[in-house]
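S.K.: Could you have a look at this structure, given as structure tokens, before my questions?
In UniProt numbering, the protein residues as written are 1 to 387.
What follows is the structure in structure tokens.
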């Protein structure tokens, strides 16, 4: 923390992995009287905007960091930046280790503990670490109090550990009325015994996602009944699930937002043509191309938001399939495929250019090129669906 008495002297920086701070020299001209005055005015504006007592901040500039008022810390900790992929729970642990004051505020800020990522997929091997993960889940559920929950859970697969599954679902199902965004990487037969606690008991559920399941008729029927009974409008599916649902009686009319992770392009016409009320569509991860030529584009008259993240050359297969006359917001993230030829990439560039040129109603456009391959796993793609 910078002190007024040593304004041009030193600054103390503390790294999370270190117990001690390091003193670094700073450039004196950068901390001028005008800079301090401007910072003071900004702090005063923040105090007024939050409706806090100004007396709490009188010595803010010469106080160490652990003296910052709890009201200000709690507001900063609870700040939700929807434009980033920050994970609140990870930040909570970091903030709690800065000092005892920060720890107290972090533990009493429910928003920090309401987003949970619990990967137990390998705990049939690392059983000795299971209790720590369950304690982490208990801490998040307790500290989040009454705040809506966003969570993603991966249960042991392919070797099923029913004891682990029971321990997790017993905890989560006590809070079903707080579920807001939920994603399950689990076989359907593991979810089945708990479905009676989920159906008709999730009043604020906005988004539901499914990863690996057993793709038989009974499993598909079970999942489509969950979607119907919860009335959830946003759905996220990983590779293999869209084609499993293509011929099902899924209540597609209630789905207004769909995210497909590592999907097979061949299944898109069968699914997208059955979504009359779809307004948001997102593709993420490696796409499996459709080698057969399609006869006409898929009409999506109500799509206003489209997000695409994939390899550059695959855009030549995907974008010509989509007819989105009402598109307003388009976000495209392109990755460099290691095996793609220059001709393939050129075709992808033309596809993006032609798609943007043909979308007359676009008001927000974001195109980003990443000079690297896609390294995220389906688990990491799924995490972004609950943030």
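Think of the CB as a built atom: it goes at the ideal place given N, C-alpha and C, for glycine as much as any other residue.
Identify every residue that forms a DSSP beta bridge with residue 153.
M.R.: According to DSSP, which records beta bridges pairwise, residue 153 is partnered with 118, 184.
S.K.: For residue 278, tell me which candidate among 338, 367, 199, 305 has the shortest Cα-Cα distance.
M.R.: When each option's Cα is compared against that of residue 278, the closest is 305.
S.K.: Cutting at 7 Å between CB atoms, please list the residues of its own chain near residue 197, excluding the five before and the five after it.
M.R.: Around residue 197: 173, 176.
S.K.: Who are the Cβ neighbours of residue 211 in its own chain at under 6 Å, not counting the five residues just before and after it?
M.R.: Result list for residue 211: 185, 238, in chain order.
S.K.: From residue 459 to residue 199, what distance separates their C-alpha atoms?
M.R.: Limits of the chain in this structure are 1 at one end and 387 at the other, which puts residue 459 out of reach.
S.K.: Please return the same chain residues whose Cβ sits closer than 6 Å to the Cβ of residue 451, not counting the five positions on each side in sequence.
M.R.: Only positions 1 to 387 of the chain appear in the structure, and residue 451 is not among them; the question remains open.
S.K.: Buried or exposed: where does residue 23 fall if 16 or more other Cβ atoms within 10 Å of its Cβ makes it buried?
M.R.: With a pLDDT of only 37 at residue 23, under 50, the local geometry of the prediction cannot be trusted, and the value read off the model is given with reservation. Counting Cβ neighbours within 10 Å, residue 23 comes out exposed, since fewer than 16 surround it.
S.K.: Closest by CA to residue 298, which one among 324, 308, 313?
M.R.: Nearest of 324, 308, 313 to residue 298, Cα basis: 324.
S.K.: Looking at C-alpha atoms only, which residue of 189, 300, 371, 73 is the closest neighbour of residue 220?
M.R.: Taking only the C-alpha atoms, the option nearest residue 220 is 189.
S.K.: Determine, using beta carbons only, whether residue 327 and residue 362 come nearer to each other than 8 Å.
M.R.: Yes, the Cβ-Cβ distance between residue 327 and residue 362 is below 8 Å.
S.K.: Going by DSSP, what residues sit across from residue 257 in a beta bridge?
M.R.: Residue 257 is bridged to 234, 280.
S.K.: Taking the alpha helix (DSSP H) that residue 285 falls in, what are its first and last residues?
M.R.: Premise fails: residue 285 is in no alpha helix (DSSP H) and is neither H nor E.
S.K.: Is the number of C-beta pairs between the region 225-239 and the region 249-257 that are closer than 8 Å three or more?
M.R.: At 8 Å Cβ cutoff, the stretches touch.
S.K.: Locate the alpha helix (DSSP H) running through residue 163, then write down its first and last residues.
M.R.: Per DSSP, residue 163 belongs to the alpha helix (DSSP H) from 162-172.
S.K.: Taking DSSP's pairing of strands, which residues face residue 332 in a bridge?
M.R.: BP columns for residue 332 point to 308, 367.
S.K.: Are the CB atoms of residue 154 and residue 120 nearer to each other than 8 Å?
M.R.: Result yes, Cβ atoms of residue 154 and residue 120 sit closer than 8 Å.
S.K.: Kindly identify the DSSP beta-bridge partner or partners of residue 210.
M.R.: Note: residue 210 sits in a beta bridge opposite 184, 237.
S.K.: Based on the DSSP secondary-structure assignment, which residues constitute the bridge partners of residue 299?
M.R.: Residue 299 is bridged to 323.
S.K.: Specify, as a first and last residue, the run of the alpha helix (DSSP H) that residue 142 falls within.
M.R.: Taken as a continuous stretch (DSSP letters only), the alpha helix (DSSP H) holding residue 142 covers 130-143.
S.K.: Please report the straight-line C-alpha distance between residue 137 and residue 179, rounded to a whole angstrom.
M.R.: Whole-angstrom Cα-Cα distance: 14 Å.
S.K.: Using 8 Å for Cβ pairs, my map puts residue 139 next to residue 183. What's the rounded Cβ distance?
M.R.: No, residue 139 and residue 183 are not in contact; Cβ-Cβ is about 20 Å, not under 8 Å.
S.K.: Looking at the unbroken alpha helix (DSSP H) that takes in residue 102, where does it start and where does it end?
M.R.: Looking at the DSSP string, the run of the alpha helix (DSSP H) that includes residue 102 is 100-107.
S.K.: Going by other Cβ atoms of all chains shown within 10 Å of its Cβ, with 16 needed for buried, is residue 364 buried or exposed?
M.R.: Counting Cβ neighbours within 10 Å, residue 364 comes out exposed, since fewer than 16 surround it.
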